[in-house]
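Everything below concerns the one structure shown next.
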Amino acid sequence: MIVLLIVLCITDGVLSQIRYSVPEEADHGTLVGNIAEDLGLDLTKLASRRFQVVPSSRSPYLEVNLENGVLYVNEKIDREQICKQSASCQLNMEVFLENPLELFRVEIEVMDINDNPPSFPETDITVEISESATPGTRFPLESAFDPDVGSNALRTYDITTNNYFYLDVQTQSDGNKFAELVLEKPLDREQQAAHRYVLTAVDGGQPPRTGTALLVVKVLDSNDNVPVFDQPVYTVSLSENAPAGTLVIQLNATDLDEGLNGEIVYSFSNHISNRVKDLFSIDPRTGRIEVRGEVDFEESSLYQIFVQAKDLGPNAVPAHCKVLVKVTDVNDNAPEITFSTVTESVREKAAPGTVIALLSVTDRDAEENGQIHVEILGDVPFKLKSSFRNYFTIVTDGLLNREQVDSYSVTVVARDKGTPSLATSKSIRVQVSDENDNAPTFTQPIYDVYVTENNVPGAYIHAVTALDSDIGQNALISYSILECDIQGMSVKTYVSINEETGYLYALRSFDYEQLKDFTFMVHAKDAGTPELSSNATVKVIIVDQNDNAPLVLAPLGKNGTAKEPLPRSAEPGYLVTRIVAMDADDGENARLSYSIQRGNENGMFRMDWRTGELRTARRVSAKRDPHQLYDLLIEVRDHGQPPLSSSASVLVMLVDSMAEGRGGGDRGGTAKAKDGTVDLTLILIIALGSVSFIFLLVMIVLAVRCQKDKKLNIYTCLTSDCCLGCSSCCSRQGRARKKKLSKSDIMLVQSAGNVSGAGTAQVPVEESGSFGSHHQNQNYCYQTKHQRAELSYLVDRPRRVNSSAFQEADLVSSKDSGHGDSEQGDSDHDATNRGHSSGADLFSNCTEECKALGHSDRCWMPSFVPSDGRQGPDYRSNLHVPGMDSVPDTEVFEIPEQTADKSFSTFGKETPLSHQHQNHHHLLKNHHHLHQGPLERKELEAILPNSRAPYNPAYLTGKRVC
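Residues are numbered in the working numbering as their position in the sequence shown, beginning at 1, plus a constant of 53.
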């Protein structure tokens, strides 16, 4: 019969207990119970949750089917063999499930069956009794032994019915029963010398089983005195583990007889167990009982020793006593720790309270010696929780971080409360399993990568590195470049990256002059679930390489050879020309130095290596052939490594004067410039010509209107007095109107005065192809439109004006017409030319109002010529470059003289400027309207590609001098 008893004791949802009972001697395959069903487990999840038996709890007698949870008998169980005489016989088994961990304790009680009859140690038992024994005398008999327990154990003894003896069955403290033969009637040896009876031992089984022995009672002749013990029962205490030879008790029996009849011999009774004989010994002469074997409290806490004493006389009758030995416990057993199950690893993000291991702690000692305190050593994120009886669970006591600690050694210590205290410790290793909780991290948030230009496409340029503190797949990093545009193209056409190593490669050859740097993002992600990622910025900086030679911008000439005039009278330090060059590189690669490589005869010239100025080092020899040119080779070298250089060829020709040199040079230069312009800027000329035509029409309309207004308003201002006093008249009118002057309010009028009048500057006649007439001593004054209404203008003939003045007036009027900024295109007077103006006052033709205005776009003065009658330089010769004495102008024309008169109404229709210079003039003007500021060197070079004139900031600022 199988008895099922289920006890569910659930602590923290971890441990449950179930109990079964099974009879001993059950056949193989006998069903004990279904653990899964009885515990209410889902049978379909037993395999997935790895249902299994704790290895340390396995028993050869029982087996569990892990697929369905059935517990059955594996081999026949013999209770007497497993548990001996123990009142309770129990087999324990532990099973558990994973995910989550659930542990179940299964207790199987082996039930005893009456399969063993009682048996006596010997089949014949002999008892000797003196015929003088009185009724009531007791004689202990050999006890029978029944290995069964409980109700199936020995219950009683029986003896054959007779007239002399009866049995008194007594129960010992351990529950065993023994019988004493009690004399009921005196014996007479002469009548019957021996008595034979059947002694029967009966157990309590159903049906009861018995064991028998033949009891022979011999009647002896009378012996006057028998030995007597001090007391029938002795009780002593003995510490367990007492060494051999330890005195248990000293027995003492007395006999009043003398001689052999008074000598007593001690011995163990025949019915004591063999185990007692193994543990103890008795001295036959002295009655001293000593320890013989190893006494263990855990084996038995009480021993009964039956001792008999008899003299050496004939027909001796033995005397009996009982010694009760109580074994006292000694703390001789350390606690025992047994791990039932251990989780090999725990997730680093496991919640606090997650079960790591289940263990049991036992101590075989009793009372305080068996009381145990259990703890975990060290500062670890785990703690112990009591689960059931002597079972404990190890659970997490906080969050784990594998990146900080990847495994823990958990040491459990069990210590009893005995004296001295004994302790036991056991350790387990708990691995922390990784989770993808760390994103890749770059070693730098920003990488500065320097790449020299002209690199080889496909070359390695740098490596980015990201680190992931996770492990395995969670730390497997792949790299990529985030899409972006660089100069309108995908960044992936510039660089690539190895997705495994993070190595960066250039996909093209970089040019510093086109791209100086660019930035993109690198993306790193791991292979975990979910995947984590991070970004870093990579800035690629192109390093300049000296791959561009200097480019000579000025002076330019045919086939790279420029011609520059040198007056024979030039003083040492005279500026011949200035070499202007640029280098597309940067830094030291673009820092230039100038030197004369060839043709510097007798050290005639010196070159400023920093500015490129070519100056005379001494005067020109009077003996030098004027037709012999100085052929100079100028080298421009940068400071790169290795340095690159360019050269320019300059032919310096001797001239008697600058005017002669420039005139000749201009004619040739103009022709060359025209040829080049026609070839290269044909479309631009057509466009500018159209604009110029429209501009002429506008000027004609303005001239006609001016002529009508002159007849009515401005005659008085034409007299010398008014012109000389133009300041007062103009200023009075201006103050009367209280109106601010604007560019559209200013116009140029003629002033008729005495040719030789004091204070009037004489303007020599210049030859002009546009006007072609000689007019001297003409003064000019600016006048507002409001003054025209109040002045009369009486002119009976057109006034002849100096052609050079109109050349400048042409530029001024084209800008002061209210359609643009009048400052663009004008230039300052050369200080040297002003110094040679035959003592004439520079401001003699300027009104007081003009002087008050100063450098204003409302005031203008014509250029002057030397008093010796030589043709004065064109206004463009008044350009001034800081550090240069004079600037050669190769764009000035020499115009033949004409006698035909042209009226003032023809002003603006024709211009003495060459076509090329007109184009340049309009380009400069238009550029200023767009940019609203002076031109830079590069802008001038782009607008005047064929100009041989050096870069002149004064020419570009467009300021006027009154």
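Note that the Cβ used here is the ideal one computed from N, Cα and C, for glycine as well.
For residue 374, the enclosing beta strand (DSSP E) starts and ends at 372-381. For residue 135, the uninterrupted alpha helix (DSSP H) segment begins and ends at 132-136. Residue 191: member of the beta strand (DSSP E) spanning 191-193, first to last residue.
Between the alpha carbons of residue 293 and residue 347 lies a distance of about 8 Å. Excluding its 5 nearest sequence neighbours in each direction, residue 480 has C-beta neighbours in its own chain below 8 Å: 462, 463, 464 and 465, listed in chain order. According to the DSSP assignment, residue 524 belongs to no beta strand (DSSP E), since it is labelled neither H nor E. Looking at the DSSP output, residue 683 bridges to 705. Put simply, the stretch 191-202 touches the stretch 324-334. At least three CB pairs are less than 8 Å apart.
Looking at the backbone, the Cα of residue 176 and that of residue 335 are separated by about 26 Å. For residue 507, the closest of 152, 541, 559 and 282 by C-alpha to C-alpha distance is 559.
Distances from the CA of residue 234 to each of 708, 396, 674 and 180 were compared; the closest alpha carbon is that of 180. Inter-residue distance for residue 467 and residue 477 is about 5 Å (C-alpha atoms, whole angstroms). The beta carbon of residue 287 is closer than 8 Å to those of 302, 304, 374, 375, 376 and 377 in its chain, skipping five residues each way along the sequence. Between residue 684 and residue 704 a beta carbon distance of about 6 Å is seen, short of the 8 Å cut, so the two are scored as contacting.
The residue from 370, 352, 328 and 451 with its alpha-carbon nearest to that of residue 314 is 370. Between residue 107 and residue 148, the CB-CB gap stays under 8 Å. Under the three-state reduction of DSSP, residue 281 is assigned to strand.
Beyond the five residues adjoining it in sequence on each side, residue 474 comes within less than 6 Å, by CB distance, of 468 in the same chain, given in chain order. Secondary structure at residue 574: strand, using DSSP grouped into helix, strand and coil. In this chain, the alpha helix (DSSP H) harbouring residue 89 covers 88-92. For residue 601, no beta strand (DSSP E) run applies, since DSSP gives it neither H nor E. Here residue 498 is exposed: its Cβ has fewer than 16 other Cβ atoms, across all protein chains shown, within 10 Å.
When the alpha-carbon of residue 670 is set against those of 681, 653, 562 and 677, the nearest one is in 653. In the DSSP assignment, residue 304 falls outside any alpha helix (DSSP H), carrying neither H nor E. The C-alpha of residue 737 is placed about 16 Å away from the C-alpha of residue 747. Setting aside the 5 residues that flank it on each side, residue 338 is surrounded in the same chain by 318 and 319, each with a C-beta closer than 8 Å to its C-beta; the list follows chain order. Between residue 125 and residue 83, the C-beta spacing is below 8 Å. Restricting attention to 522, 341 and 157, the CA atom closest to the CA of residue 411 is found in 157. Residue 238 and residue 217 do touch by the CB rule: their CB atoms are close to 5 Å apart, below 8 Å. Between the alpha carbons of residue 173 and residue 135 lies a distance of about 23 Å. Each residue's CA atom was taken as its position, placing residue 749 and residue 755 some 10 Å apart.
In the structure shown, residue 230 falls within a strand segment according to DSSP collapsed to helix, strand and coil.
The Cβ atoms of residue 183 and residue 386 lie no closer than 8 Å to each other. Of the other Cβ atoms in all chains shown, fewer than 16 fall within 10 Å of the Cβ of residue 503; this residue is therefore exposed.
Per DSSP, the beta bridge partners of residue 400 are 486. The Cβ atoms of residue 586 and residue 510 do not sit closer than 8 Å to each other.
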